[in-house]
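Peer 1: According to UniProt numbering, the stretch in the sequence shown is residues 1 to 433, in order.
Every residue, glycine too, gets a C-beta built ideally from N, C-alpha and C.
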Amino acid sequence: MTDTLERRGDAGVGARLSKLMRATEVDTRMLGMLGALFVIWIVFDILSGGLFLSPRNLWNLSVQTASVAVMSTGMVLVIVTRNIDLSVGSILGFTGMIMAVTQVQFLPPLLGFEGPFNWIIAVAVGVVAGVAIGGLQGVIIAYAGVPAFIVTLGGLLVWRGGAWWMTSGKTVAPMDSNFRLIGGGAEGSLGESWTWALAAVACLIVCLSFVMGRRRRQRFKFQQRPIWAEVLLAAVTSGAILAAAALLNAYKWPTAVAARYARDNNLTVPDGGLSIGYGLAIPVLIAIVVGIVMTFVTTRTRFGRYVFAIGGNPEAAELAGINTRWVLTKVFMLMGGLAALGAAISTARLNAATNAQGTLDELYVIAAAVIGGTSLAGGVGTVAGAMIGAVVMQSLQSGMVLLGIDSPLQAIIVGIVLVLAVFIDGVYRRRTA
1 MTDTLERRGD AGVGARLSKL MRATEVDTRM LGMLGALFVI WIVFDILSGG LFLSPRNLWN
61 LSVQTASVAV MSTGMVLVIV TRNIDLSVGS ILGFTGMIMA VTQVQFLPPL LGFEGPFNWI
121 IAVAVGVVAG VAIGGLQGVI IAYAGVPAFI VTLGGLLVWR GGAWWMTSGK TVAPMDSNFR
181 LIGGGAEGSL GESWTWALAA VACLIVCLSF VMGRRRRQRF KFQQRPIWAE VLLAAVTSGA
241 ILAAAALLNA YKWPTAVAAR YARDNNLTVP DGGLSIGYGL AIPVLIAIVV GIVMTFVTTR
301 TRFGRYVFAI GGNPEAAELA GINTRWVLTK VFMLMGGLAA LGAAISTARL NAATNAQGTL
361 DELYVIAAAV IGGTSLAGGV GTVAGAMIGA VVMQSLQSGM VLLGIDSPLQ AIIVGIVLVL
421 AVFIDGVYRR RTA
């Protein structure tokens with residue numbers, strides 16, 4: 001009798017959960033990924049004695065994730081089209097070196113040191129170079145018919161060698177002070193007030209998006225979610241945004257930095273010392289903006305629809321009149337530009353361009369996209385999933401560093417996680433087919 005009641009209770013709980021999932025239309029795969037991330041954080045926090053979930057470590061984690069997250073949004077489109085790009089780490093190193101040389105060697109004689117436009121010109125030159133490199137590789141892949149694996153493997157070697165050749169192996173530093181803001185730090189953050197303001201705006205946009213989405217469904221006579229489900233999703237999303245803002249603001253400037261800031265700005269320092277929160281770092285803001293733009297591109301533009309059509313069935317897409325070669329070339333151009341933007345973040349954070357910069361980043365970028373649900377078989381993938389995958393990868397690396405795990409063992413664990421992610425993707429696809 002007791003066993004029967006327990007089974008009925010379990011069935012009742014399962015039915016309620018199933019009803020909740022159907023009503024909210026939550027992506028179960030995305031939810032599972034967030035659950036896995038939560039478990040990783042809890043385990044590392046326990047093993048590190050509470051250090052992992054400290055505001056300081058989580059703030060640093062967000063900054064360290066930014067460049068990989070930016071590149072992973074482009075890798076989604078590359079993999080969706082049934083291709084791969086092994087050269088993104090080398091492109092990052094090459095374009096980062098171009099930006100560094102531009103602002104350290106070329107621009108000062110023309111515009112002076114610390115010129116107001118030096119950083120803009122340097123970033124623009126680097127991004128243009130990245131787009132050009134991606135376009136070159138895309139043309140060879142799409143029009144010459146050389147497999148993407150071979151072309152980008154060659155690019156991995158060529159652009160890494162190009163970075164070394166540009167300066168004969170020398171490190172280029174320091175960077176322009178305005179350029180360094182892109183990399184984060186005390187001055188490269190929004191601060192507490194602007195972070196709260198941005199969080200409030202983000203919550204407002206979330207609520208408006210649910211209202212507009214509901215009206216759009218009503219206009220096209222699509223099935224509506226229950227009102228309670230809409231309110232629940234808006235509340236959970238807004239709560240997560242506000243919690244993230246509070247966490248970022250909880251990490252305070254070092255005492256010496258805060259004192260110097262107060263002295264430079266003629267501020268009175270209270271007896272307990274000046275407390276200034278870092279808030280949202282600029283590189284993280286850049287990654288968020290890129291994620292929003294890339295989500296719009298993939299879901300709301302003709303180019304995005306063409307990319308997924310090509311990944312789903314290349315022959316059918318070509319028969320439907322899509323210029324598959326040109327679309328594929330644009331995908332690699334976009335990937336090159338995003339790699340250059342990642343280079344700007346990485347170079348600014350390091351305050352230097354080195355020949356080792358971006359080494360193995362292609363592994364982390366590909367792993368982030370695959371862990372985020374992008375199928376290597378093509379046609380399936382989301383930008384949000386890839387960015388969460390980037391957080392998962394960086395969390396693993398950050399946690400292993402905190403635990404003092406040697407670099408070779410870190411590489412072994414990352415490789416195992418990548419293989420496991422591909423295995424889970426295959427199992428998921430077979431079960432949902």
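Could you compute how far the alpha carbon of Met-393 sits from the alpha carbon of Asn-266?
Peer 2: Near 43 Å, if we compare the C-alpha coordinates of Asn-266 and Met-393.
Peer 1: Rounded to the nearest angstrom, what separates Leu-61 and Ala-309 at their Cα positions?
Peer 2: For Leu-61 and Ala-309, the distance between alpha carbons rounds to 35 Å.
Peer 1: Rounded to the nearest angstrom, how far is the Cβ of Gly-135 from that of Gly-277, given a contact under 8 Å?
Peer 2: Between Gly-277 and Gly-135 the Cβ distance is about 42 Å, and since that is not below 8 Å, they are no contact.
Peer 1: If I measure Cβ to Cβ from Gly-50 and keep anything under 7 Å in the same chain, skipping five residues before and after, which residues do I get?
Peer 2: So no residue of the chain qualifies.
Peer 1: Which residues does DSSP list as the beta-bridge partners of Lys-252?
Peer 2: Per DSSP, Gly-277.
Peer 1: For Gln-105, count the other beta carbons within 10 Å of its own beta carbon; 16 or more makes it buried, fewer makes it exposed. Which is it?
Peer 2: With fewer than 16 other Cβ atoms within 10 Å, it is exposed.
Peer 1: Can you find the residues in the same chain that come closer than 6 Å, C-beta to C-beta, to Glu-362, ignoring five residues on each side of it along the sequence?
Peer 2: Closer than 6 Å at the Cβ level, and outside the excluded window around Glu-362, lie Leu-86, Val-88 and Gly-89.
Peer 1: Could you work out which residue in Gln-223, Thr-354, Gly-185 and Ala-240 is closest to Trp-59 when comparing CA atoms only?
Peer 2: For the residues Gln-223, Thr-354, Gly-185 and Ala-240, the minimum Cα distance to Trp-59 belongs to Gly-185.
Peer 1: Taking the alpha-carbon of Met-97 as reference, which of Arg-160, Ser-193, Leu-403 and Pro-283 has the nearest alpha-carbon?
Peer 2: Nearest C-alpha to Met-97: Arg-160.
Peer 1: Where does Val-146 sit, in a helix, a strand or coil, going by DSSP?
Peer 2: Three-state DSSP puts Val-146 in coil, outside helix and strand.
Peer 1: What are the boundary residues of the alpha helix (DSSP H) that Arg-305 is part of?
Peer 2: That run of the alpha helix (DSSP H) goes 302 to 312.
Peer 1: So, is Arg-16 buried or exposed, given that buried needs 16 or more other C-beta atoms within 10 angstroms?
Peer 2: Per the 10 Å Cβ criterion, exposed.
Peer 1: Sorted by chain position, which residues of the same chain lie with C-beta nearer than 8 Å to Asp-425's C-beta, five sequence neighbours on each side aside?
Peer 2: Around Asp-425: Val-370, Gly-373, Ser-375 and Leu-376.
Peer 1: Could you tell me the distance, in whole angstroms, from the CA atom of Ile-91 to the CA atom of Gly-155?
Peer 2: Each residue's alpha carbon lies about 8 Å from the other.
Peer 1: Taking the alpha carbon of Trp-228 as the reference point, which residue from Ile-241, Ala-243 and Val-211 has its own alpha carbon closest?
Peer 2: Residue Val-211 is the option with its Cα nearest to Trp-228.
Peer 1: Buried or exposed: Val-289, going by 16 or more other Cβ atoms within 10 Å of its Cβ?
Peer 2: Exposed, by the Cβ-count rule.
Peer 1: Measuring only the C-alpha atoms, how far is Thr-65 from Val-391?
Peer 2: Distance between the alpha carbons of Thr-65 and Val-391: 6 Å.
Peer 1: Cβ of Thr-295 within 9 Å of Cβ of Thr-382?
Peer 2: Going by C-beta atoms, Thr-295 is nearer than 9 Å to Thr-382.
Peer 1: Using the Cα positions of Val-331 and Pro-108, report the straight-line distance between them to the nearest angstrom.
Peer 2: C-alpha separation (whole angstroms): 35 Å.
Peer 1: Kindly indicate the opening and closing residues of the alpha helix (DSSP H) around Gln-397.
Peer 2: Gln-397 -> alpha helix (DSSP H) spans 383 to 402.
Peer 1: Buried or exposed, going by whether 16 or more other CB atoms sit within 10 Å of the CB of Val-327?
Peer 2: That one is buried.
Peer 1: Taking a contact to mean a Cβ-Cβ separation below 9 Å, would you say Gly-379 touches Val-80 in this structure?
Peer 2: The answer is yes: Cβ separation under 9 Å.
Peer 1: Distance, Cα to Cα, Gln-224 vs Arg-215?
Peer 2: C-alpha separation (whole angstroms): 9 Å.
Peer 1: Buried or exposed: which applies to Ile-286, given that a residue is buried once 16 or more other Cβ atoms fall within 10 Å of its Cβ?
Peer 2: Ile-286 is buried by the Cβ-count criterion.
Peer 1: For Arg-56, tell me which candidate among Leu-248, Val-26 and Val-131 has the shortest Cα-Cα distance.
Peer 2: Comparing Cα positions, the closest option is Leu-248.
Peer 1: Identify the residues that DSSP records as bridge partners of Val-172: which are they?
Peer 2: BP columns for Val-172 point to Ala-353.
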